[in-house]
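Trainee: In my numbering, each residue's number is its place in the sequence shown (first place is 1) plus 148. No residue lacks a Cβ here, since even glycine has one placed at the ideal position from N, Cα and C.
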Amino acid sequence: MPPPTPSSPPPRSILIIGTGVFGLSTAHSLSLHPQYTNTTLTLLDRQPFPPPDSSSIDTSRIIRADYSSPAYASLAAAAQSYWRHSHPGELGAEGRYSESGLVLVADKGSVGEGYVRGSWENVSRMAREGEDVDGVQFLGSKGEIERAVGTGGGSGDWGYLNRRSGWADAEGGMRWLRKKVEETGRVKFLQKEVQELVKEGERVVGMKTTTGEVLNADLVILATGAWTGKLVNLNGIATATGQVLTYLDITAEEQERLGKMPVLLNMSTGLFIIPPVNQLLKVARHAYGYSNPVKIVDPDGSGQSISVSLPRTAVDEPGQWVPVEGEAACRQALREMIPSLADRPFIKSRICWYTDTPNGDFLITYHPTFSGLFLTTGGSGHGYKFLPVIGDRIVDVINGRCPEEFKEKWGWPKERVERVVTEDGSRGGRAGLMLDEEMRKGSRL
Numbered sequence: 149m150p151p152p153t154p155s156s157p158p159p160r161s162i163l164i165i166g167t168g169v170f171g172l173s174t175a176h177s178l179s180l181h182p183q184y185t186n187t188t189l190t191l192l193d194r195q196p197f198p199p200p201d202s203s204s205i206d207t208s209r210i211i212r213a214d215y216s217s218p219a220y221a222s223l224a225a226a227a228q229s230y231w232r233h234s235h236p237g238e239l240g241a242e243g244r245y246s247e248s249g250l251v252l253v254a255d256k257g258s259v260g261e262g263y264v265r266g267s268w269e270n271v272s273r274m275a276r277e278g279e280d281v282d283g284v285q286f287l288g289s290k291g292e293i294e295r296a297v298g299t300g301g302g303s304g305d306w307g308y309l310n311r312r313s314g315w316a317d318a319e320g321g322m323r324w325l326r327k328k329v330e331e332t333g334r335v336k337f338l339q340k341e342v343q344e345l346v347k348e349g350e351r352v353v354g355m356k357t358t359t360g361e362v363l364n365a366d367l368v369i370l371a372t373g374a375w376t377g378k379l380v381n382l383n384g385i386a387t388a389t390g391q392v393l394t395y396l397d398i399t400a401e402e403q404e405r406l407g408k409m410p411v412l413l414n415m416s417t418g419l420f421i422i423p424p425v426n427q428l429l430k431v432a433r434h435a436y437g438y439s440n441p442v443k444i445v446d447p448d449g450s451g452q453s454i455s456v457s458l459p460r461t462a463v464d465e466p467g468q469w470v471p472v473e474g475e476a477a478c479r480q481a482l483r484e485m486i487p488s489l490a491d492r493p494f495i496k497s498r499i500c501w502y503t504d505t506p507n508g509d510f511l512i513t514y515h516p517t518f519s520g521l522f523l524t525t526g527g528s529g530h531g532y533k534f535l536p537v538i539g540d541r542i543v544d545v546i547n548g549r550c551p552e553e554f555k556e557k558w559g560w561p562k563e564r565v566e567r568v569v570t571e572d573g574s575r576g577g578r579a580g581l582m583l584d585e586e587m588r589k590g591s592r593l
């Protein structure tokens with residue numbers, strides 16, 4: 149199926165691979181769109197829902213319109229209006245969304261300063277337009293940051309508090325949307341692992357599972373996140389990077405006190421803390437991440453061997469623990485941000501896999517070579533907050549109507565870069581870390 153024209157008939161069948169944010173939201177939007185009333189919709193994943201190593205399945209995710217990009221800031225603000233719906237049965241109800249506020253900070257002289265400055269300008273403008281000027285407060289010193297956070301600690305040299313941002317129960321939001329998709333009665337769910345895409349010349353006609361079964365479809369939508377490079381050659385376009393998440397137990401008294409704190413995110417170091425839930429506190433890092441290069445045969449059919457970074461998760465390695473380098477960074481963040489918990493041991497950790505692009509932009513587009521193939525990936529660690537709105541935007545692109553402000557951002561890049569490193573001003577840590585090398589240095593402090 150080539151990119152549609154206004155007169156193009158809808159595909160008779162659509163196969164969506166992946167039940168993360170992009171896949172599930174696309175299935176939901178397609179199921180409600182009148183143009184696809186007679187289209188067979190199938191949603192497939194290799195694991196039962198919710199897939200435990202999906203980047204969208206976790207205790208919490210930050211919900212913010214705090215972006216240096218006006219386009220993403222505006223789209224995130226639209227998503228937030230849905231997160232705030234808190235009537236019974238709506239997305240923001242039953243603890244799925246908490247508007248705790250966000251303290252976004254940077255270290256002087258760092259790349260992250262540009263991101264925070266641009267974000268401050270965007271949210272300040274939106275606050276003025278919404279007549280909510282008191283919702284955003286500039287924080288010009290470490291002392292002001294510490295007072296805004298209220299934990300006895302802080303991070304960064306300057307920043308601001310946005311009282312209209314917060315966090316979501318990530319798994320809870322995904323379960324809510326899965327139920328909404330099921331209620332449509334339009335989508336067939338399958339648990340199968342994809343081995344490869346099936347092609348006829350330069351047209352994708354379906355996929356083959358690891359058991360040899362072939363499933364055909366007029367349109368195949370890859371929403372496979374960090375695993376996408378196994379099915380399509382994305383070298384120089386997007387890559388999988390492993391990110392550090394750590395967790396510690398806290399007492400009921402600490403839960404009561406820290407549950408009222410805002411999210412604290414340092415855009416220079418990438419380190420952040422989200423308010424705890426159920427006496428569990430998460431400390432994590434939004435970083436350049438770890439690469440896990442694997443040799444595979446080029447999935448685009450050149451016959452050559454290529455190196456692709458692919459996820460290695462606790463599903464593959466039960467008992468997996470983050471590298472000592474990552475745990476040490478989270479420990480330092482804990483000491484700075486909540487000094488009273490400085491030496492509390494982490495009880496579990498996780499490597500969460502992003503699909504990074506050079507500018508942190510999503511990749512939502514038809515494949516330029518293989519017709520019948522659509523990609524929706526490249527979440528770059530910031531896709532979850534768009535859960536209530538991204539599906540409709542994806543369907544707009546499927547229908548050939550990409551929002552003007554995202555045509556260049558989401559389109560297939562004109563050139564492949566030599567090495568994908570996300571340089572949008574939001575990443576911390578060191579670039580170029582290899583998972584194997586860091587694991588050999590130790591995985592527990």
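Work out the CA separation of Val470 and Arg334 for me, nearest whole Å.
Mentor: 40 angstroms
Trainee: If we count the other Cβ atoms within 10 Å of its Cβ and call it buried at 16 or more, is Ile495 buried or exposed?
Mentor: exposed
Trainee: Based on DSSP bridge pairs, tell me the residues matched to Glu348.
Mentor: Arg351
Trainee: DSSP three-state label for Phe597, please.
Mentor: Past the edges of the chain, shown from 149 to 593, lies residue 597, and the structure says nothing about it.
Trainee: According to DSSP, simplified to helix, strand and coil, what is Arg575?
Mentor: coil
Trainee: Tell me the residue span of the beta strand (DSSP E) that contains Gln228.
Mentor: Unbroken run through Gln228 is the alpha helix (DSSP H), 218-231; no beta strand (DSSP E).
Trainee: Could you check where the alpha helix (DSSP H) with Ser267 kicks off and where it finishes?
Mentor: 260-277
Trainee: Just list the residues that DSSP pairs Pro157 with in beta bridges.
Mentor: Beta bridge pairing from DSSP links Pro157 with no other residue.
Trainee: Taking the alpha-carbon of Pro159 as reference, which of Thr190, Gly171, Phe170, Gly168 has the nearest alpha-carbon?
Mentor: Thr190
Trainee: Between the region 297-306 and the region 208-216, can you find at least three pairs of beta-carbon atoms closer than 8 angstroms?
Mentor: When C-beta atoms of the region 208-216 are compared with those of the region 297-306, fewer than three pairs fall below 8 angstroms, so the two segments do not count as touching.
Trainee: Using three-state DSSP, classify Lys443 as helix, strand or coil.
Mentor: strand
Trainee: With a CB to CB cut of under 7 angstroms and the five nearest residues on each side skipped, what residues in its chain are close to Arg351?
Mentor: Phe518, Ser519, Gly520
Trainee: Find the nearest neighbour of Tyr184 within the set Arg460, Ser202, Pro157, judged by alpha-carbon distance.
Mentor: Pro157
Trainee: My understanding is that Gly531 touches Val169, with C-beta atoms under 8 angstroms, so please give their C-beta distance in whole angstroms.
Mentor: 5 angstroms
Trainee: Does DSSP put Gly320 in a helix, in a strand, or in coil?
Mentor: helix
Trainee: For His235, does the count of other Cβ atoms within 10 angstroms reach 16, so buried, or fall short, so exposed?
Mentor: exposed
Trainee: Buried or exposed, going by whether 16 or more other CB atoms sit within 10 Å of the CB of Gln339?
Mentor: exposed
Trainee: What is the C-beta distance between Leu163 and Met355, in whole angstroms, given that I count them as a contact (C-beta under 8 angstroms)?
Mentor: 7 angstroms
Trainee: Among all the DSSP beta bridges, which residues are the ones paired with Ala432?
Mentor: Leu393, Phe420
Trainee: Exposed or buried, what is Phe522 when buried is set at 16 or more other beta-carbons lying within 10 Å of its beta-carbon?
Mentor: Around the beta carbon of Phe522, 16 or more other beta carbons lie within 10 angstroms, which makes this residue buried.
Trainee: Buried or exposed: where does Val362 fall if 16 or more other Cβ atoms within 10 Å of its Cβ makes it buried?
Mentor: exposed
Trainee: Output needed for Met485: all residues of its chain with C-beta closer than 6 angstroms, excluding positions within five of it in sequence on either side, in chain order.
Mentor: So the list reads Gly301, Ser303, Leu412, Ile421, once near-sequence residues are dropped.
Trainee: With DSSP collapsed to three states, give me the class of Ala559.
Mentor: Correcting the residue type first, residue 559 is Gly in the shown sequence and not Ala. Here Gly559 sits in coil by DSSP.
Trainee: Could you check where the beta strand (DSSP E) with Thr524 kicks off and where it finishes?
Mentor: 521-525
Trainee: Could you have a look at Asp544 and say whether DSSP puts it in helix, strand or coil?
Mentor: helix
Trainee: Skipping 5 residues on each side, what residues in its chain have a beta carbon closer than 8 angstroms to that of Gly287?
Mentor: Gly is not the amino acid found at residue 287; the sequence shown has Leu there. Cβ contact annotation for Leu287 (same chain, cutoff 8 angstroms, sequence separation greater than five): Val251, Val253, Ile293, Ala296, Trp306, Gly307, Tyr308, Leu309, in chain order.
Trainee: Since I believe Thr174 is in contact with Ile542 (beta carbons under 8 angstroms), could you give me their beta-carbon distance rounded to a whole number of angstroms?
Mentor: 5 angstroms
Trainee: With which residues is Val284 paired in a DSSP beta bridge?
Mentor: Asn310
Trainee: If you draw a straight line from the alpha carbon of Val346 to that of Leu367, how long is it in whole angstroms?
Mentor: 12 angstroms
Trainee: Assign Phe337 to one of three DSSP states: helix, strand, or coil.
Mentor: strand
Trainee: Exposed or buried, Gly577, counting other C-beta atoms within 10 Å across all chains shown (16 or more means buried)?
Mentor: buried
Trainee: For Cys500, name the three-state secondary structure that DSSP assigns.
Mentor: strand
Trainee: Could you pull out every residue in the same chain whose Cβ sits closer than 7 angstroms to the Cβ of Ser272, ignoring the five residues on either side in sequence?
Mentor: Cβ within range, chain order: Val284.
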